[in-house]
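Chains as they are written, first to last, in the working numbering: chain G, 56 to 353; chain F, 56 to 353.
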């Protein structure tokens with residue numbers, strides 16, 4: 056039997072069930088970051104992301120953008136938990152016949168974004184491999200009372216995204232700005248109930264919030280910010296690599312956020328009691344059940 | 056110009072020079088682990104290691120042993136700093152047509168060694184890739200006064216290894232026991248000046264200690280424990296993947312260790328003032344300059 060038969064998330068669940076952790080672990084596998092005890096005031100966040108040639112980028116992608124993206128995706132995970140990134144390591148597999156110019160480009164991309172976000176690059180591992188592969192592991196810190204998880208959405212919450220969705224694969228996925236500034240703004244001004252970054256598509260990632268919070272959701276087609284790069288709503292639903300934050304706020308907080316008329320925060324729906332999964336109210340005000348789906352590695 | 060022209064260590068140095076870190080970083084890139092401020096008593100250790108199919112193992116290697124090794128190499132890095140491993144993440148790239156049995160084997164290997172060493176597996180990343188690739192990032196803790204680095208060897212120190220060297224590639228590299236117990240024993244009983252684990256061969260890894268400590272070294276062929284798997288001294292010198300600890304103790308401490316007649320600690324030479332690099336005293340008492348070399352990815 057092949058792993059593609061049970062699929063990426065089936066495989067993850069299969070192994071997750073067997074993992075036991077000690078009390079130093081606040082949240083283990085299953086959220087954007089692992090959450091570890093750190094000091095009286097803060098938790099430590101720990102996350103990793105692997106980018107592989109042929110999957111996340113091609114032979115012809117600008118190495119600078121590959122390097123930049125390899126770090127940006129982990130920053131996005133730290134932002135999803137309302138944390139601040141602090142340190143990272145980079146494991147890099149390179150073909151022997153890689154041009155020095157390509158290697159320089161990768162490192163410049165990595166350095167550039169680490170510098171911009173004040174992240175300490177503290178080492179890594181270099182290996183030969185047939186195709187380019189980069190795995191970045193990152194540490195961060197979050198105030199205990201600011202930590203946001205996938206599992207804390209509440210009936211009545213308003214669902215927001217930080218930007219338009221869909222079509223990222225046509226270029227945006229290589230130069231997106233991780234939403235750290237937005238996460239910081241939320242952390243300082245609001246009590247966010249649940250948050251995730253959209254890496255596998257709105258439907259799949261909102262699905263993680265709904266499932267882990269044991270709630271249902273409604274989204275309104277009229278409210279959904281669809282990217283000009285997207286070919287229709289389906290790509291906004293399922294394409295992935297948007298790296299926008301998807302979060303839920305209690306109604307009063309949500310009103311406060313909307314009153315600020317701050318750009319970059321789009322209400323798209325609400326959290327309801329669990330009965331079905333995710334419902335779309337389309338432009339004609341019809342209720343449509345949204346089929347699950349999104350990017351899966353296998 | 057290809058990266059193979061400047062080589063693995065040339066490439067690392069090229070980029071290391073550009074890295075700047077803030078005061079939260081005690082030791083950044085360039086040792087077995089990054090060393091980060093943690094609390095009053097302890098530092099946090101942070102390390103990663105990438106294993107790639109075709110380089111570190113083959114298509115026919117038992118998946119259990121691949122999974123086990125992917126974690127063991129990072130434990131070995133933590134042991135080199137006299138620390139205790141605490142948490143790890145696993146990034147795993149798998150071909151779509153991987154058998155579930157292979158994936159199960161990999162995870163059993165990872166779980167088994169995490170359990171044995173009380174390491175919390177707190178998540179990871181799963182990706183498709185043409186060949187199997189595993190990158191493990193690991194956290195650990197070390198008492199500030201126990202931390203051992205590559206850079207603190209002193210003139211007059213005795214050089215030790217924890218086991219026999221060479222020929223590991225014929226099998227031992229897949230089932231070696233990381234020398235955590237030995238590191239713990241040393242940390243509790245002695246003041247180790249410098250330590251590294253031998254992953255790229257005795258000469259290359261001792262070379263890191265000599266260079267970073269700005270000292271020279273002498274080793275005695277008569278004292279060198281050569282593995283029964285090794286074809287001669289050259290393999291003990293240059294083959295790598297031994298994952299034994301290589302450390303230096305001040306003379307008085309060294310005498311105390313030898314007086315204990317504890318098995319598993321072999322004195323092989325001594326640290327001298329820097330004049331040349333590494334000298335071998337061969338079986339006929341001739342002084343031979345040891346050529347640098349060892350495993351390099353490119």
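Beta carbons are placed, not taken as given, at the ideal position from N, Cα and C, and that holds for glycine.
Q) Using the beta-carbon of each residue, which ones in chain G are nearer than 9 Å to residue 80/F? A) 142, 175, 177
Q. Residue ranges of each beta strand (DSSP E) run of no fewer than 3 residues wholly in the stretch 317-347 of chain F, ordered along the chain?
A. 321-327, 333-336, 342-344
Q) If you pair each beta-carbon of the stretch 63-76 of chain F with each one of the stretch 171-184 of chain G, do three or more pairs fall below 8 Å? A) yes
(Q) Does the CB of residue 103/F have a neighbour CB from chain G at under 7 Å? (A) yes
Q: For the beta strand (DSSP E) holding residue 304/G, just list the boundary residues, first then last.
A: 300-304
Q. Roughly how many angstroms lie between the CA atoms of residue 108/F and residue 117/F, to the nearest whole one?
A. 12 Å
Q: Can you give me the start and stop residues for the alpha helix (DSSP H) that residue 68/F sits inside?
A: 58-71
Q) Does DSSP put residue 207/G in a helix, a strand or coil? A) helix
Q. At a Cβ threshold of 7 Å, is residue 242/F touching chain G?
A. no
**Q.** Run of the alpha helix (DSSP H) containing residue 243/F, from where it starts to where it stops
**A.** 235-244
**Q.** Residue ranges of each beta strand (DSSP E) within the stretch 68-142 of chain G, 3 or longer
**A.** 80-82, 89-92, 97-107
Q. Under a Cβ-count criterion, where at least 16 other Cβ atoms within 10 Å of its own Cβ denotes burial, should residue 243/G be classed as buried or exposed?
A. exposed
Q) Out of curiosity, what's the CA-to-CA distance linking residue 307/G and residue 265/G? A) 21 Å
**Q.** Residue interval of the beta strand (DSSP E) (run including residue 180/G)
**A.** 175-183
(Q) Tell me whether residue 343/F, by its Cβ, gets closer than 6 Å to a heavy atom of the ligand ZN. (A) You won't find the ligand ZN in this model; it holds no ligand whatsoever.
**Q.** Same chain, Cβ closer than 6 Å to residue 160/G, five either side skipped, listed in chain order
**A.** 118, 119
Q) Just by C-beta distance, which residues in the stretch 103-126 of chain F are closer than 9 Å to chain G? A) 103, 104, 105, 106, 107, 108, 109, 110, 111
Q. Can you name the residues of chain G whose CB is closer than 7 Å to the CB of residue 166/F?
A. 73
**Q.** Inter-stretch contact at 8 Å, needing at least 3 Cβ pairs: the stretch 135-152 of chain G / the stretch 179-190 of chain G
**A.** yes
Q: Using beta-carbon positions only, say whether residue 249/G and residue 208/G come within less than 7 Å of one another.
A: yes
Q | Closer than 7 Å at the beta carbon, the chain F residues around residue 158/G | A | 58, 66
Q: Could you tell me whether any Cβ in chain G is nearer than 7 Å to the Cβ of residue 139/F?
A: no
Q) Is the Cβ of residue 89/F closer than 7 Å to any Cβ of chain G? A) yes
Q) Alpha carbon to alpha carbon, how far is residue 163/G from residue 65/G? A) 37 Å
Q: Please state whether DSSP places residue 202/G in a helix, a strand or coil.
A: coil
Q.
Against chain G, does residue 302/F count as a neighbour if the rule is that its beta carbon must be under 7 Å from one of theirs?
A. no
Q. Which of helix, strand or coil does DSSP assign to residue 258/F?
A. helix
Q.
Checking 7 Å against the spacing of the C-beta atoms, do residue 134/G and residue 168/G come in under that value?
A. no
Q. If we cut at 7 Å on Cβ distances, does residue 255/G have a partner in chain F?
A. no
Q. Should residue 231/F be flagged as near chain G, meaning a C-beta pair shorter than 7 Å?
A. no
(Q) Short of 8 Å in beta carbon distance, which residues of its chain neighbour residue 350/G, apart from the five on each side in sequence? Order them along the chain. (A) 254, 255, 256, 259, 293, 294, 295, 296
Q. Quick check: the stretch 324-341 of chain G against the stretch 267-281 of chain G, are there 3 or more CB pairs under 8 Å?
A. yes
(Q) Once DSSP output is grouped into helix, strand and coil, what is the label at residue 285/G? (A) coil
Q. So which residues of chain F does residue 181/G contact, with C-beta pairs closer than 8 Å?
A. 63, 66, 67, 352
Q | For residue 190/F: DSSP bridge partner residues | A | 105/F, 146/F
Q | Cβ-Cβ separation, residue 218/F to residue 280/F (assumed contact under 8 Å), whole Å | A | 7 Å
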